[in-house]
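Novice:
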Amino acid sequence: MLCRITGQESIGILRNGGTIIKAECNIDGVIIRHLEKHVDSRGWLMELLRSDEYPEGYVPAMNYISMTLPGTARGPHEHRRQTDYFCFFGSSNFRVYLWDNRPESRTFGNRWVFDTDAENMISFTIPPGVVHAYKNIGDKEGLVFNAPDGLYRGTGKKEEPDEIRYEDLPGASFVLGI
Numbered sequence: 392m393l394c395r396i397t398g399q400e401s402i403g404i405l406r407n408g409g410t411i412i413k414a415e416c417n418i419d420g421v422i423i424r425h426l427e428k429h430v431d432s433r434g435w436l437m438e439l440l441r442s443d444e445y446p447e448g449y450v451p452a453m454n455y456i457s458m459t460l461p462g463t464a465r466g467p468h469e470h471r472r473q474t475d476y477f478c479f480f481g482s483s484n485f486r487v488y489l490w491d492n493r494p495e496s497r498t499f500g501n502r503w504v505f506d507t508d509a510e511n512m513i514s515f516t517i518p519p520g521v522v523h524a525y526k527n528i529g530d531k532e533g534l535v536f537n538a539p540d541g542l543y544r545g546t547g548k549k550e551e552p553d554e555i556r557y558e559d560l561p562g563a564s565f566v567l568g569i
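So the sequence shown is numbered by our numbering: it starts at 392 and just counts up by one.
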């Protein structure tokens, strides 16, 4: 997978119990995995989430699927406490944007941009403090799965959301480009 900013291969490929796992990108704590489609005469199956591949300390609290229209972006935004676990499984082509906004991180300030499509289906884990966005760059509706480790608006939906919506802040430095 190439970083669209540097044009260089940003991650290597490892094997772990038969599942292809892609190592971390140039932002600490972001873990990218290849999603494998198992096809037979009945159709196909894809494992999106496996407890034996969770990052340490991650336990999903909920999950959802969103649909994003062609040419539309979601984000950029950031969570202070929540870890996200996104899956892009080939329903359309997406461009994903990540920025390390954690001053204590050794990769603070790093930015990574990559594309997903039917040949490059991935999941990735985004820790708190990493700003993220994605844009449907395909020509059809795109589905995205997420299994965050926090409940949206907390138990009973009584809390303020754990998010900073940079897309709503004029002059924010996190801009979708490329």
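Just so it is clear, CB atoms sit at the ideal spot from N, CA and C, and this is done for glycine as well.
1. Can you check whether the CB of Gly-481 is closer than 8 Å to the CB of Met-458?
2. Can you check which of these residues, Met-453, Phe-485, Thr-474 and Pro-451, is closest to Arg-465 by C-alpha distance?
3. Take the Cβ of Ile-456 as the centre, count every other Cβ of all protein chains shown within 10 Å, and call the residue buried at 16 or more, exposed below.
4. Can the beta-carbon of Thr-474 be found less than 8 Å from the beta-carbon of Ile-422?
5. Alpha carbon to alpha carbon, how far is Arg-441 from Gly-500? Give it in angstroms, no decimals.
6. For Val-487, which of Arg-497, Arg-556 and Val-504 has the nearest alpha-carbon?
7. Grouping DSSP H, G and I as helix and E and B as strand, with all else coil, what is Thr-546?
8. Please state whether DSSP places Glu-444 in a helix, a strand or coil.
9. When you compare each of Ala-563, Arg-471, Asn-454 and Ser-496 to Cys-478 by their alpha carbons, which one comes out closest?
10. Closest to Gly-520 by C-alpha separation, out of Leu-460, Ser-432, Arg-497 and Asp-559, would be which residue?
11. Suppose you measure from the CA of Leu-534 to the CA of Tyr-525; what does that come to, to the nearest Å?
12. In terms of residues, what are the limits of the beta strand (DSSP E) holding Ser-457?
13. Of all the beta strand (DSSP E) runs that stay within the bounds of the region 466 to 548, which reach a length of 3 or more residues?
14. Identify whether Asp-431 lies in helix, strand or coil by the three-state DSSP scheme.
15. Which whole-angstrom value is the C-beta distance of Leu-460 and Asn-537, which I expect to be below 8 Å?
16. Tell me which residues share the same chain as Asp-559 and place their Cβ nearer than 6 Å to its Cβ, disregarding the 5 neighbours each side in the sequence.
17. Taking Glu-554 and His-470 to be in contact with their CB atoms under 8 Å, please state how far apart those CB atoms are, rounded to whole angstroms.
18. Tell me Ala-464's beta-bridge partners as DSSP assigns them.
19. What first and last residue would you give for the beta strand (DSSP E) that runs through Ile-423?
Specialist: Taking the geometry as given:
1. no
2. The shortest CA-to-CA distance from Arg-465 to any of Met-453, Phe-485, Thr-474 and Pro-451 is the one to Phe-485.
3. exposed
4. no
5. Pairing Gly-500 with Arg-441, the inter-Cα distance amounts to about 30 Å.
6. Val-504
7. helix
8. helix
9. Residue Asn-454 is the option with its Cα nearest to Cys-478.
10. The option with the nearest alpha carbon to Gly-520 is Arg-497.
11. 12 Å
12. 455 to 459
13. Taking only runs of at least 3 residues, the beta strand (DSSP E) segments lying wholly in the region 466 to 548 are 475 to 479, 485 to 491, 502 to 507, 513 to 517, 521 to 527 and 533 to 537.
14. strand
15. Actually they do not touch by this definition, with Cβ atoms about 17 Å apart.
16. none
17. Contact check for Glu-554 and His-470: beta-carbon distance about 6 Å, within the 8 Å limit, so the pair qualifies.
18. Paired residues: Lys-526.
19. 422 to 425
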